[in-house]
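A.B. asks: Add 3 to a position in the sequence shown, counting from 1, and you land on the number used in my numbering. This is the structure, below, for whatever I ask next.
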Amino acid sequence: MNKRLVHIAACAMLLSACQPGEPEPEPAAEKGAPLQEMAAQNNGLSLTVRNVSDSALRLMIQNGRNTDFTYGRAFRIEQQLDGTWYAVPFKKNRDAFEEIALLSPPRKQTIETVDLGRLQKPLEAGKYRIVKAFRSFSIDENGRSVYGTEFWLAAPFEIEN
């Protein structure tokens, strides 16, 4: 019986070794960002970069409507190279974000600080944009949360030498 189990285990190992491996994913720098055209304002909401340092970026979210908008901590930094936007990679295990709904109240400004220390390398001189997702938010007459369709905003900024 033991001989048979050893034989089955050996065959399984040999067969699994013959399987083709997973294809190597393309490096992020070789694939363009999924959305090349994005505005810094939409639906009465605007996104502006206020300050950039080596470790952080201060972002102003201006809500010009009588509607609440929600957004999360997640962000993406993209760099423009030869007219195409590319995602700037995060450090290993630093690409996950806390799932939390932050609120941009009606007719108010919100300042958000973004940790650039999550990125694989410090940003070099060039053209960049920060990309964030938003959606409208309200509560219906039954007290249930109602979310609008998600949309993306991208605020451009430059790093100089």
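The beta carbon of each residue, even a glycine, is placed where N, CA and C say it ideally should be. Please read these numbers as outputs of a predicted model, since none were measured by experiment.
Closest to residue 55 by CA distance: which of 90, 80, 136, 74 is it?
C.D. replies: Counting from 1 along the sequence shown, the entry for residue 55 is found at position 52. Residue 80 is the option with its Cα nearest to residue 55.
A.B. asks: Report yes if the C-beta of residue 155 is less than 7 Å from at least one heavy atom of the ligand COA; otherwise report no.
C.D. replies: As presented, the structure is devoid of all ligands, the ligand COA included, so that no description of it is given.
A.B. asks: Determine the closest residue to residue 72 out of 133, 108, 115, with distance taken between C-alpha atoms.
C.D. replies: Position 69 of the sequence shown, counted from the start, is the residue given in the question as residue 72. Per the Cα distances, 108.
A.B. asks: So the beta strand (DSSP E) residue 130 belongs to, where does it begin and stop?
C.D. replies: Residue numbering aside, residue 130 sits at position 127 when the sequence shown is read from its first letter. Per DSSP, residue 130 belongs to the beta strand (DSSP E) from 129–142.
A.B. asks: Count Cβ pairs between the stretch 50–68 and the stretch 110–130 that sit closer than 8 Å; are there 3 or more?
C.D. replies: Output reads yes: the stretch 110–130 touches the stretch 50–68.
A.B. asks: Return the chain-ordered list of same chain residues with a C-beta closer than 8 Å to the C-beta of residue 155, the five sequence neighbours on each side being excluded.
C.D. replies: Numbered from 1 along the sequence shown, position 152 holds the residue referred to as residue 155. Counting only Cβ-Cβ distances below 8 Å, and skipping sequence neighbours, we find 38, 41, 134, 135, 136, 137.
A.B. asks: Out of 143, 70, 53, 126, which has the shortest C-alpha to C-alpha gap to residue 90?
C.D. replies: As a first step, residue 90 must be located in the sequence shown, where it is residue number 87. Cα-wise, what sits closest to residue 90 is 126.
A.B. asks: Determine the DSSP secondary structure at residue 120, reduced to helix, strand or coil.
C.D. replies: Start at 1 with the first residue of the sequence shown, and residue 120 comes out as number 117. Helix, per DSSP.
A.B. asks: Identify, in the order they occur along the chain, each residue of the same chain with its Cβ nearer than 6 Å to the Cβ of residue 16, setting aside the five sequence neighbours on each side.
C.D. replies: The count along the sequence shown starts at 1 and reaches residue 16 at position 13. Caution is warranted here: a pLDDT of 44 is assigned to residue 16, below 50, making its placement in the model unreliable, and no coordinate value can be reported.
A.B. asks: In terms of alpha-carbon separation, which member of 70, 53, 44 lies closest to residue 142?
C.D. replies: Working through the sequence shown from its first residue, we reach residue 142 at position 139. Answer by Cα proximity: 70.
A.B. asks: Quick one: using the 10 Å Cβ neighbour count with 16 as the cut-off for buried, is residue 148 buried or exposed?
C.D. replies: Sequence index remark: in the sequence shown, residue 148 carries index 145 (1-based). Exposed.
A.B. asks: Relative to the C-alpha of residue 36, which candidate in 44, 164, 132, 146 has its C-alpha closest?
C.D. replies: Taking the first residue of the sequence shown as position 1, residue 36 is located at position 33. Comparing Cα-Cα distances from residue 36 to each of 44, 164, 132, 146, the minimum goes to 132.
A.B. asks: What do you get for residue 66, buried or exposed, if any count of 16 or more other CB atoms within 10 angstroms of its CB means buried?
C.D. replies: What you label residue 66 is simply residue 63 of the sequence shown in a count that begins at 1. Label assigned to residue 66: buried.
A.B. asks: I need the boundaries of the beta strand (DSSP E) containing residue 72, first residue and last residue.
C.D. replies: As a position in the sequence shown, residue 72 is number 69, starting the count at 1. Start and end: 71–74.
A.B. asks: From what residue to what residue does the beta strand (DSSP E) around residue 105 run?
C.D. replies: Residue numbering aside, residue 105 sits at position 102 when the sequence shown is read from its first letter. It spans 105–107 - the beta strand (DSSP E) in which residue 105 sits, taken as one unbroken run.
A.B. asks: Measuring CA to CA, which of 146, 129, 139, 150 is closest to residue 88?
C.D. replies: Translated into positions along the sequence shown, residue 88 becomes position 85. Measuring from the Cα of residue 88, the nearest candidate turns out to be 129.
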